[in-house]
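**Student:**
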Amino acid sequence: MILDQFLKEKIASLAESVWSLDESAKVLLKNHLTLEKPANKSFGDFATNAAMILSKNLRQNPRVLAEQLVEKLKEEDCFKTLEIAGPGFINMRLSSSFWDKAFAEIFNQKDKFGTSNIGQNEKINVEFLSANPTGPLHVGHSRGAIFGDAVARLLSKIGYDVTKEYYVNDFGKQVDVLAESVYWRYEELFGRHKGESIPEGRYPGDYVIPVAQSIKDLDGDQWLDKTDWLEYFKAKSIEQMLKLIQSDAAKLGIKFDVFTSEKSLVEDGAVDKAVQQMQDMGLLYKGILPKPKGEETEDWAPVEQTLFRAKDFGDDGDRVILRSDGSKTYFTSDIAYHVNKFDRGFHQMVDIFGADHGGYVKRLKAAVKALTNAQATLDIALCQVVSLQKDGKPFRMSKRAGNFVLVDDILDEIDADAFRLFMLTKSADSQMSFDLAKTKEQSKDNPVFYIQYASARTYSVLNTYEKIFGVMPTEKDLDMHLYANANETERELIQKMLGLTHIVEVSAQNKAPHLLAGYLYEIASLFHSIWTLGAKGGHRFVDANNMEQTRKNLALVMAVQQVLKNGLEILGITAKTQMSRELPAE
RNA sequence: GCGCCUGUAGCUCAGCUGGAUAGAGUGUCGCCCUCCGAAGGCGAAGGUCGUGAGUUCGAAUCUCGCCAGGCGCGCCA
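First residue of the first sequence? That's 731 in the numbering used here, and the numbers climb one at a time after it.
1. Whole angstroms is fine: what's the gap from residue 1142's alpha carbon to residue 981's?
2. Can you tell me the Cα-Cα spacing of residue 775 and residue 825, whole angstroms?
3. For a test of the three-state rule: what should DSSP assign to residue 1222, helix, strand or coil?
4. Identify every run of the alpha helix (DSSP H) within the region 774-805, keeping only runs that are complete inside it and at least 4 residues long; order them along the chain.
5. Tell me where the beta strand (DSSP E) around residue 891 begins and ends.
6. Can you give me the Cβ contacts of residue 1309 inside the same chain, cut-off strictly under 8 Å, excluding the 5 residues immediately before and after it?
7. Ignore the nearest five residues each way along the sequence and tell me which others in residue 1053's own chain have a CB closer than 6 Å to its CB.
8. Considering only residues of the region 953-1032, which uninterrupted beta strand (DSSP E) runs meet the minimum length of 3 residues and lie entirely inside it, listed in chain order?
9. From the DSSP output, in three-state form, read off residue 864 for me.
10. Just to confirm, are residue 1220 and residue 1294 a CB contact at a threshold of 8 Å?
11. Tell me the rounded alpha-carbon separation between residue 932 and residue 913.
12. Taking the alpha-carbon of residue 1272 as reference, which of 793, 1190, 734 has the nearest alpha-carbon?
13. My understanding is that residue 1116 touches residue 870, with C-beta atoms under 8 Å, so please give their C-beta distance in whole angstroms.
14. How big is the Cα-Cα spacing for residue 1048 and residue 1098?
15. Quick check: residue 758 and residue 799, are their CB atoms within less than 8 Å of each other?
16. State buried or exposed for residue 771, treating a residue as buried only when at least 16 other CB atoms are found within 10 Å of its CB.
17. Are the region 823-838 and the region 1204-1212 touching by the rule of at least three beta carbon pairs closer than 8 Å?
18. Roughly how many angstroms lie between the CA atoms of residue 818 and residue 1222, to the nearest whole one?
19. What's the C-alpha gap between residue 939 and residue 900?
20. Where does residue 1296 fall in DSSP's three states?
21. When the distance is taken between beta carbons, is residue 1072 closer than 8 Å to residue 1093?
22. For residue 1155, which option in 1282, 1003, 1243 has the closest C-alpha, if you only look at C-alpha atoms?
23. Out of 1090, 1086, 1055, 1085, which one is the CA nearest neighbour of residue 1065?
24. For residue 724, list the residues DSSP reports as bridge partners.
25. From the DSSP output, read off the bridge partner residues of residue 819.
26. My output table needs one value for residue 857: the three-state DSSP class, helix, strand or coil.
27. What is the residue span of the alpha helix (DSSP H) that residue 1079 lies within?
28. Contact check, residue 1233 vs residue 1246 under 8 Å by CB: the rounded distance?
29. Nearest to residue 830 by CA position, among 808, 795, 885, 856, is which residue?
30. Find the nearest neighbour of residue 793 within the set 805, 1055, 803, 779, judged by alpha-carbon distance.
31. Would you call the region 975-991 in contact with the region 861-870, where contact means no fewer than 3 C-beta pairs closer than 8 Å?
32. Which class does residue 1057 belong to by DSSP, given the choice of helix, strand or coil?
33. Are the Cβ atoms of residue 882 and residue 859 separated by less than 8 Å?
34. Taking residue 893 as the reference, which of 1297, 1079, 1011, 781 has the closest Cα?
35. Buried or exposed, going by whether 16 or more other CB atoms sit within 10 Å of the CB of residue 1101?
36. Could you tell me which residues DSSP puts in a beta bridge with residue 1136?
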């Protein structure tokens, strides 16, 4: 049973019967009915707007309608009090026994608590990260990577059959540059380029050197003074870069189900096939693009090319599919790639892009719509940039310059779980700044540890129990009928914990893991509050002289533990059972 | 010029897709450790929700116009 849903359905069905609603009113009710926690606790556990949204449709004063509905609701035994307030809100308080029953669900479902089946096991493809295989991951990649992974986890928790996918851009010019850089380093290993630094335009980073070394180890000097090394070096370099990226991703807790190579799509003819398909569907024509607005471009020339009618499908303009010389663009293979996903049975796709690719969104959506006859939906979420700072000063990243900060470097300083949580605490739409120095602090300035601390404290209670009684408490030692005697904060905590499923759904559907992160923070906060009561009024979780209360307290503690664990797990974070004992450096 | 994103407390950000008195953290100022971990808790102060209209019982939230910042507007990937 999902609490919110249960009550909402109950209210909706009673409303329908009491007012014998017509179809349009039912739709109105379905779309706008809310069940929410009132801002002011004294109003009750929940409030609904049912009477207000229907007042226009039924041509009746909302307060009168509310009275009629309340009469009907009174017949249900789950409500303790029902009141009409303000313009027509119905405030309700649920009976303690109903809360207890709902609370017990946490223990019935355990690790599954928080999941639902909105997705109905439908296949959905989440593509993210997809960094060019030309170097290790840096901070700039990490936000999208962590965000994408969290979105994928969220979707699977609400019942989708999720595939996490990485698109490997192993076909463009940048991998040529990579191979050239490796070759230069390879020559260097044989004593060439003495006193020179790597030429402008190549990748200067040190990560290139081990690749060159491995080729030297394997093949010796056989590629020196040759001309046909490019393809071989490319293949070797990409292979090793992908390994590097995968290992970096793994350190962030990210594992992909599928890697799809752009090169292989081209070589298998998938791209040609997609072009042919577009041709057959009448989506292409020969034409000349207008001169681009905005910045002056010098190399623009009015040449005739093969264009896709993207404008007919919601894009701002038509897009090049084949250049005047017949070669394909990056967009062309990306279209083929999305058709490929569709052919693999994904009718729902999610792409996670960096904000700098925002201009690409419309054309890709247009292409998917056109080529699948609107059978597939493509949802693209943008991640805003992380501006990196160090001690408050901006820190520029440039892959070409080689002075970027690697994920690896960061993980030397900060725990991967903490890094993930930090990235997920803020909305993907916000341009966040990431201060290395500050994140390193791990002091109370850093909110990341707050949730983990709450988790650790729940384990600490159980350890205390063990110290006193010699065994860890099990479910038999718990009393789940605690609502009636609970204090205000405890009731708030119980109510909030039961909202996990709802939050997970909302976070998943909005692709907003930060909502879940914020929720967990609130759970932690309430628990910390209760914890500290012990210092004031003698509130002890474990009290050998009051076993009746202890059994209730343990139920609460273990529920908190379960909720934090489940919630953190969705964000890809392991709940801590104990904090490290290192004190923060002064 | 056009498109997307953002603008909420001194600072960093939430605000559950229209609800009642707008919230946290941090910073400032007070309290609370003979105590299951004080990496914590309690309280005070701090707001014309960028701005002007509109939609309605009701707007930080939806619509439109301005203002400011970020990103993008090739046949690059």
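In this text, a Cβ means the ideal position worked out from N, Cα and C, and glycines have one as well.
**Tutor:** So, from the listed chains and residues:
1. So the alpha carbons of these two residues sit roughly 11 Å apart.
2. Distance between the alpha carbons of residue 775 and residue 825: 10 Å.
3. helix
4. 780-788, 792-803, all fully within the region 774-805.
5. 891-898
6. Excluding its 5 nearest sequence neighbours in each direction, residue 1309 has C-beta neighbours in its own chain below 8 Å: 1179, 1182, 1183, 1186, listed in chain order.
7. 1035
8. 988-991, 1014-1017
9. coil
10. no
11. 11 Å
12. Per the Cα distances, 1190.
13. 6 Å
14. 14 Å
15. no
16. exposed
17. yes
18. 24 Å
19. 19 Å
20. helix
21. no
22. 1243
23. Out of 1090, 1086, 1055, 1085, 1090 has the C-alpha closest to the C-alpha of residue 1065.
24. Residue 724 lies beyond the range of the chain shown here (731 to 1316); nothing can be said about it.
25. 815
26. strand
27. In the DSSP assignment, residue 1079 falls outside any alpha helix (DSSP H) and within the unbroken beta strand (DSSP E) covering 1078-1084.
28. 6 Å
29. Cα-wise, what sits closest to residue 830 is 808.
30. Of the candidates 805, 1055, 803, 779, the residue whose Cα lies closest to the Cα of residue 793 is 779.
31. yes
32. DSSP places residue 1057 in coil when its eight states are reduced to three.
33. no
34. 1079
35. buried
36. DSSP output for residue 1136 lists 868 as bridge partner(s).
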